[in-house]
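Notes to accompany the following structure.
Protein chains: 2
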Amino acid sequence: MTQQNSAVAAKMMDFMERASWIRKMFEEGAALKAQYGADKVCDFSLGNPDLVPPQAFQEALEKIASDRSPGAHAYMPNAGYPKVREEVARHVQKDHGVTPATDGIIMTVGAAGGLNIIFKALLNPGDEVIVPIPYFVEYGFYVDNHGGKLVPVESKADFSMDLEKIDQAITPATKAVLLNSPNNPSGAVYSEEELKALASLLESAEKRVGRPIFLVSDEPYRRLVFDNITVPPILSIFRNGIVTTSFSKDLSIPGERIGYVAVHPEADGGPALVGALTLANRILGFVNAPALMQKVVAESIDSLVDVSIYQRRRDRLAEILTEAGLEFEMPKGAFYFFPRTPIEDDARFAAILQEQLILTVPGRGFGCPGHIRIAFCVQDEVIERSPEGFKKAMASL
Amino acid sequence: MTQQNSAVAAKMMDFMERASWIRKMFEEGAALKAQYGADKVCDFSLGNPDLVPPQAFQEALEKIASDRSPGAHAYMPNAGYPKVREEVARHVQKDHGVTPATDGIIMTVGAAGGLNIIFKALLNPGDEVIVPIPYFVEYGFYVDNHGGKLVPVESKADFSMDLEKIDQAITPATKAVLLNSPNNPSGAVYSEEELKALASLLESAEKRVGRPIFLVSDEPYRRLVFDNITVPPILSIFRNGIVTTSFSKDLSIPGERIGYVAVHPEADGGPALVGALTLANRILGFVNAPALMQKVVAESIDSLVDVSIYQRRRDRLAEILTEAGLEFEMPKGAFYFFPRTPIEDDARFAAILQEQLILTVPGRGFGCPGHIRIAFCVQDEVIERSPEGFKKAMASL
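Chains as they are written, first to last, in the working numbering: chain A, 69 to 465; chain B, 69 to 465.
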């Protein structure tokens, strides 16, 4: 199965081969754009936020870029500038109603960096991390990087958690449950009731298996929610909570790789856990989050892109999908629809849409076949030229 | 041995315990500064470049920070902006006399990020990486992160490579030899003659063991050299060469975490190797090197801090150490002295220096007891107040 190549690690060869269908899909999409013109193709395949960063970010960036004081770009402690971490702790208190110790904030290279230091700090070989389906495809890599095993668990049809199945999936090897709410790809937001039931389930399970089970919350979309809902505060709900997030979506700066990890002040492990996270930031080669951007995000931490634009696009796309006859759960946050496909084979349906110059991602990429992901972080005109294509694709079945 | 803590990974608890002497040392240093005043202590313990970034960097930073065009901070390909990589390829051609394909340049989160993607791309479980002693302490972690085993090999007394010992250390599990020249902590620069002999040794060994052995060159100090010497071009010398470096020292911006990996265009593995490095950048959670800094370093790539300042400090410190009676090899590059300690126990000698308010790092931290590392990336006044302390420490023995 694995292509032989004595130069490259066998596991990486295997990863590349398994991901080849995604690469092929992107290549086909690029070929379509070359053939018909990028302005004819509706590219809903990428989760790359397109809104401009808030004015406060731009002002902070220009001000801090002009700082010529000695050491402005020097190393700082691996967990980040103490002043930045204080500001982030204040922000976490506002979101979660719990104040992490300043030490319990570690500035990271985005939420992807955050998840990697969390799993490095927590996982012994073979430890399991439970994740509700659908889930972001990178999670499998992040857990595997550190010797753990991702355990995907089916959710209900509306993408709410199936707590019974989660409970059944817990074993003495379970080290964490990983949540992503608002969810990529489903747009679901877990309710406070659901999360409290999960917390109580985990407390019982911790007693049963005799060791801590952490609730790891990957929440870069926390503030990208619609219809004025609020994402429940994980750290208020569960003591062994670890939050990671980034400023990628709040400030539309995903290329800058800046985020943080926040640890509940009373989490098991105490200072050793915070020490392990900080050491992990160092030894995994991140060393520290980028210096300049730490200072910039601390100054623009309360700013947010214009979420009403995402909401407008969501509402319009909901009409279009409904008219075409697609079935979906209305996304409560993030910028994705995750409709059921009208035929079982999601890759086949994505190929049919592609014939109509509509690019999406098959749900199997998120552990959830029978769906497609439609990202609406795109200009309104892209959405406006899509109705006919969706209708034709549906009619062709 | 390992403290029990069911919350934190056992390996991380072990790492923290083994590193506790370093932490203790830094805490004692901090206590000395608090007690006597920071201006009384000679802190030679940190490799944090203190020179101001070059003017060209500052100008590029301010210009690029003011760019408000859409997508300025968006995701780009995992390997970095194509235009930045082209500029870096041109720079590598100048340094190494070999032109990597543009695809063979991967922008990274510093050289630490570079080494981690290299080892992730190369190592199968149990693969060995040979490194000449002394070596940067982080190498052990970077290799271990990806299931490999670091194999330190003794060097000659002048820190040149002991090629016979390197040859003896090669086994069928050897995947790479890792070099750092100019060297942290010794300041040694491997000569072209030495490197050519190593290359020929590796070519024979590759035939003997029947698989490629990569020469991984970690060279952030390439341009920080003294007396007008030049660091030999690894990629011209060995075909299976992979270079990683950062702009941390050239531009004095280590907090910004920006560097790159350059692969020899004819290296074994070909496109699969480049693909694996790029995938590793993504799945290890770096995702991509920070967007803004990629653009800034591409514009200031030929700039360099004022190396004559480091050379002046080196020359002055050489006088001081000689007068105190310490024996050392004159550093040819980087910003470290690595003198032999007059007593066998390097930690004890570091403690004796600490009594004189002089902070250094024992050689055992670099796999090389019987030495101490003295970093001279410090203000001249720090150096000027050190002679008496060095003399008193020597006299006290």
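Note that the Cβ used here is the ideal one computed from N, Cα and C, for glycine as well.
Query                                                                                                                                                                                                   : Result
Roughly how many angstroms lie between the CA atoms of Lys188 (chain A) and Gly216 (chain B), to the nearest whole one?                                                                                 : 16 Å
Hey, how far is the Cα of Pro121 (chain A) from the Cα of Val152 (chain B)?                                                                                                                             : 23 Å
Quick check on Tyr328 (chain A) - is its C-beta less than 8 Å from some C-beta in chain B?                                                                                                              : no
Any beta carbon of chain B sitting closer than 8 Å to that of Asn184 (chain A)?                                                                                                                         : yes
Quickly, what does DSSP pair Cys110 (chain B) with across the bridge? List them, please.                                                                                                                : B:Ile426
For Gln379 (chain B) and His439 (chain B), I'd like the C-alpha separation in whole angstroms.                                                                                                          : 22 Å
So that I know if they touch, is there some Cβ in chain B lying closer than 8 Å to that of Met69 (chain A)?                                                                                             : Summary for Met69 (chain A): the model assigns pLDDT 34, below 50, so the residue's position carries little reliability, and this model does not support an answer.
What residues are listed by DSSP as bridge partners for Gly353 (chain A)?                                                                                                                               : Bridge partners of Gly353 (chain A): none, in fact.
Report the neighbours of Asn116 (chain A) on chain B: residues whose CB is nearer than 7 Å to its CB, in chain order.                                                                                   : Ala142, Tyr143
Under a CB-based cut-off of 8 Å, is Asn248 (chain B) close to chain A?                                                                                                                                  : no
Please go through the same chain and pick out, in chain order, the residues whose beta-carbon is closer than 6 Å to the beta-carbon of Val197 (chain A), but skip the five residues on each side of it. : Val211, Gly216, Leu218, Ala244, Leu246
Would you report the Cα separation of Gln161 (chain B) and Glu452 (chain A), rounded to the nearest angstrom?                                                                                           : 47 Å
Would you call Asp111 (chain A) buried or exposed, if buried means 16 or more other Cβ atoms sit within 10 Å of its Cβ?                                                                                 : buried
What residue does the alpha helix (DSSP H) around Ser254 (chain A) start on, and which one ends it?                                                                                                     : Taken as a continuous stretch (DSSP letters only), Ser254 (chain A) belongs to no alpha helix (DSSP H), as it is neither H nor E.
What residues in its chain sit with their C-beta under 7 Å from that of Tyr203 (chain A), if we drop five residues either side in the sequence?                                                         : Pro220, Asn248, Phe434, Gly435
Within the 8 Å Cβ cut-off, does Phe434 (chain A) reach chain B?                                                                                                                                         : no
Am I right that Gly255 (chain B) and Phe406 (chain B) are in contact with their C-beta atoms under 8 Å? What's the rounded C-beta distance?                                                             : 6 Å
Roughly how many angstroms lie between the CA atoms of Ser454 (chain A) and Glu367 (chain A), to the nearest whole one?                                                                                 : 39 Å
Roughly how many angstroms separate the alpha carbons of Met462 (chain B) and Ala225 (chain B), rounded to a whole number?                                                                              : 22 Å
Between the C-alpha atoms of Lys264 (chain B) and Tyr404 (chain B), what's the straight-line distance to the nearest angstrom?                                                                          : 26 Å
What residues from the segment 265–299 of chain B come within 7 Å of chain A, judged by C-beta to C-beta, listed N to C?                                                                                : Arg279, Pro280
On the DSSP bridge list, what partners appear for Phe282 (chain B)?                                                                                                                                     : B:Ala244
Excluding the five sequence neighbours on either side, which residues of its own chain have a C-beta within less than 6 Å of the C-beta of Lys363 (chain B), listed in chain order?                     : Ile132
Using a Cβ-Cβ cut-off of 7 Å (strictly less than) and excluding sequence neighbours within five positions of Asn184 (chain A), which residues of its own chain qualify?                                 : Tyr210, Asn213, Leu352
Among B:Ala77, B:Gln123, B:Gly115, B:Glu96, which has the Cα closest to the Cα of Ser371 (chain B)?                                                                                                     : B:Gln123
Report the start-end ranges of each beta strand (DSSP E) in the segment 150–177 of chain B that is 3 residues or longer and not cut off at the edges.                                                   : 173–176
When you compare only the Cα positions, how much space is there between Ser376 (chain B) and Gly401 (chain B)?                                                                                          : 12 Å
For Leu191 (chain A), would you say it is in contact with chain B, using Cβ-to-Cβ distances shorter than 8 Å as the test?                                                                               : yes
Let me confirm a value: Asn296 (chain B) is counted as buried when at least 16 other C-beta atoms fall within 10 Å, else exposed. Which label applies?                                                  : exposed
Should Tyr289 (chain B) be labelled buried (16 or more other beta-carbon atoms within 10 Å of its own) or exposed?                                                                                      : buried
Counting only runs that start and end within the segment 283–308 of chain A, where is the alpha helix (DSSP H) found for 4 or more residues in a row?                                                   : 302–305
For Ile238 (chain A) versus Val277 (chain A), is the C-beta distance shorter than 8 Å?                                                                                                                  : yes
By Cβ distance below 8 Å, which residues in the same chain neighbour Thr70 (chain A) in space, the five residues on each side in sequence not counted?                                                  : Annotation note: pLDDT 38 at Thr70 (chain A) (below 50); position unreliable, no value reported.
May I ask you to list, following chain order, the residues of the segment 191–223 of chain A that have a beta carbon less than 7 Å from some beta carbon of chain B?                                    : Leu191, Asn192, Glu206, Phe209, Tyr210, Asn213
Does Val120 (chain A) come out as helix, strand or coil in the three-state DSSP assignment?                                                                                                             : coil
Could you tell me whether the Cβ of Glu130 (chain A) comes closer than 8 Å to any Cβ of chain B?                                                                                                        : yes
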